[in-house]
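*Asks:* Following this message is one structure expressed as structure tokens.
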DNA sequence: TCCTTAAAGCGACGAATGTTGCGTTAAGAT
DNA sequence: ATCTTAACGCAACATTCGTCGCTTTAAGGA
């Protein structure tokens, strides 16, 4: 029996206004700077508190862990405009893509590495990582559909499998095996994959 | 000027005998159990000390960090007899290999996942991870050389590239992208790679 | 058997990491 | 302009983590 005057209390962000927003902005900026300057290992609640000027307790209450901070930064900075380069051919598109992946993976300190490391600790970070990569693959699918439209690839080529084949060796080599990888090698995975795809290796 | 009576003090393990060995065995057993029962997140110095009956201080002195404990366990349990299955054909050899990788990656709690997570924290763990994978690739190279001997592959096929192509999508999907992977999918990466290799995709 | 001395045990300490209760501030509604 | 209250600031507390000085044990050599 709810009285008619009873205004809905509304769950969810009850007061997401001015101050809270400013605090969040300050904190996320601090997280980004700390990460860029000192790397993931130095990314601690206290360090972020000190740099942002926001109290420790607030961070513990709103984010609880460093991983949560990182996830929030990721969601906030998510670039909705990114698109793979359009070079006019599958092989060169994949080369451009692989070079971008390699560059991002090799930057120091590596944000990508930080996200992966975090994904091994908290489920939330893992979920963010999944979303991030899913989004990436989604956007990159056009590389394949364009190639199909140009007649370079069979019409039933699976974009996801093709992209996995091209990029996964880079991640594997750089993050799991932890060995260096030259740009030429990255290029080679692109060309090999493109050739295999054109031969129908990734047809459904 | 060393006096003739002056016995060499000998650097290195001065007294690796009975007690030390027993302590190490107890500790490593405890690490393995803790890891298997509660997973990597629960793997703490204190937990290992409690379970093994060895004092905290000893662990801090001899191993310093949990990652070092994990590395030591790995080195101690290293299986020098492992070899890839010989099924008589490249495709089926790769399928067997991928199934083994998938099974190991999917066990819960995952030792493989723990090692990877550790490799993002300590250089020592990273080095161990590199050694582990290098050793694995080394042993798996016979799969390729056998295929060459059978005439299935060009003589100048690069074993390492071929093996990367076959297995890296599994690691990528399971540990980076964190999505499930069916056995059929794992098999498919094996067959696709075998076909590409036979077409000369991994020639030097 | 006895001696020497690494290595393990032990407790106490300091620092870092989280937590809690309470007072204060300001967003948003009236 | 005033009121309500979510969110922040603050200080004190609890816990975990890693270190240090000292004592005790036992491995390995004489």
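Chains as they are written, first to last, in our numbering: chain A, 7 to 210; chain B, 7 to 210. Just so it is clear, CB atoms sit at the ideal spot from N, CA and C, and this is done for glycine as well.
Taking a contact to mean a Cβ-Cβ separation below 8 Å, would you say residue 146(A) touches residue 112(A) in this structure?
*Replies:* no
*Asks:* Below 8 Å on C-beta distance, what does residue 136(B) contact in chain A?
*Replies:* 183, 184, 185
*Asks:* Taking a contact to mean a Cβ-Cβ separation below 8 Å, would you say residue 55(B) touches residue 61(B) in this structure?
*Replies:* yes
*Asks:* Tell me which residues share the same chain as residue 209(B) and place their Cβ nearer than 8 Å to its Cβ, disregarding the 5 neighbours each side in the sequence.
*Replies:* 160, 162, 163, 164
*Asks:* Hey, residue 189(A) and residue 84(A): beta-carbon distance below 8 Å or not?
*Replies:* no
*Asks:* Can you tell me which of the three DSSP states residue 185(A) falls into?
*Replies:* coil
*Asks:* Which value, in whole angstroms, describes the spacing of the CA atoms of residue 157(B) and residue 31(B)?
*Replies:* 48 Å
*Asks:* Residue 136(B) by DSSP, collapsed to three states: which one?
*Replies:* helix
*Asks:* Which same chain residues end up closer than 6 Å to residue 131(B) when comparing Cβ atoms and leaving out the 5 residues on each side of it in sequence?
*Replies:* 73, 77, 124, 125
*Asks:* Taking only beta carbons into account, state which residues of the region 93-116 of chain A come closer than 9 Å to chain B, listed in chain order.
*Replies:* none
*Asks:* I'd like to know whether the C-beta atoms of residue 122(A) and residue 49(B) end up nearer to each other than 8 Å.
*Replies:* By the CB criterion at 8 Å, residue 122(A) and residue 49(B) fall outside the cutoff.
*Asks:* Quick one: is residue 198(A) buried, meaning 16 or more other Cβ sit within 10 Å of its Cβ, or exposed?
*Replies:* Residue 198(A) is buried by the Cβ-count criterion.
*Asks:* For the alpha helix (DSSP H) that contains residue 58(B), what are its first and last residues?
*Replies:* 51-58
*Asks:* Please report how far the alpha carbon of residue 186(A) lies from the alpha carbon of residue 96(B), in whole angstroms.
*Replies:* Computed Cα separation, rounded: 28 Å.
*Asks:* Cα separation between residue 170(A) and residue 116(A)?
*Replies:* 21 Å
*Asks:* What number of angstroms, rounded off, separates the C-alpha of residue 98(A) from the C-alpha of residue 43(A)?
*Replies:* 33 Å
*Asks:* In its own chain, which residues sit with a C-beta less than 7 Å from the C-beta of residue 57(A), not counting the 5 before and 5 after it?
*Replies:* Closer than 7 Å at Cβ, skipping near neighbours: 36, 39, 40.
*Asks:* Measuring only between beta-carbons, confirm whether residue 49(A) sits less than 8 Å from chain B.
*Replies:* Taking Cβ atoms only, chain B never reaches closer than 8 Å to residue 49(A), which makes this a no.
*Asks:* Nearest CA to the CA of residue 168(B): which residue from 154(B), 193(B), 200(B)?
*Replies:* 200(B)
*Asks:* Give me whichever residues DSSP pairs with residue 163(B) in a beta bridge.
*Replies:* 209(B)
*Asks:* With a threshold of 8 Å on Cβ separation, who are the neighbours of residue 196(A) within its own chain once the five nearest residues in sequence on each side are excluded?
*Replies:* 97, 100, 101, 103, 104, 172
*Asks:* Please work out which residues of its chain come closer than 8 Å, Cβ to Cβ, to residue 120(B), disregarding the five sequence neighbours upstream and downstream, and give them in chain order.
*Replies:* 41, 45, 46, 49, 76
*Asks:* Between which two residues does the alpha helix (DSSP H) containing residue 86(A) stretch?
*Replies:* Where residue 86(A) is concerned, there is no enclosing alpha helix (DSSP H), given that its DSSP letter is neither H nor E.
*Asks:* Any idea if residue 108(A) is buried or exposed, counting beta-carbon neighbours within 10 angstroms, 16 or more meaning buried?
*Replies:* buried
*Asks:* Can you list, in chain order, the residues of its chain with a C-beta nearer than 7 Å to that of residue 127(A)? Leave out the 5 residues immediately preceding and following it.
*Replies:* 73
*Asks:* Rounded to whole angstroms, what's the CA-CA distance from residue 141(B) to residue 89(B)? Just pull it up for me.
*Replies:* 11 Å
*Asks:* Tell me the residue span of the alpha helix (DSSP H) that contains residue 113(B).
*Replies:* For residue 113(B), no alpha helix (DSSP H) run applies, since DSSP gives it neither H nor E.
*Asks:* Smallest Cα separation from residue 184(A): which of 67(B), 25(B), 137(B)?
*Replies:* 137(B)
*Asks:* So which residues on chain B does residue 188(A) lean against when the C-beta distance must stay under 8 Å?
*Replies:* Chain B residues near residue 188(A): none, gap ~14 Å exceeds 8 Å.
*Asks:* Taking Cβ-Cβ distances shorter than 9 Å, what residues in chain A pair up with residue 147(B)?
*Replies:* Within 9 Å Cβ-Cβ: nothing; residue 147(B) doesn't reach chain A, min ~15 Å.
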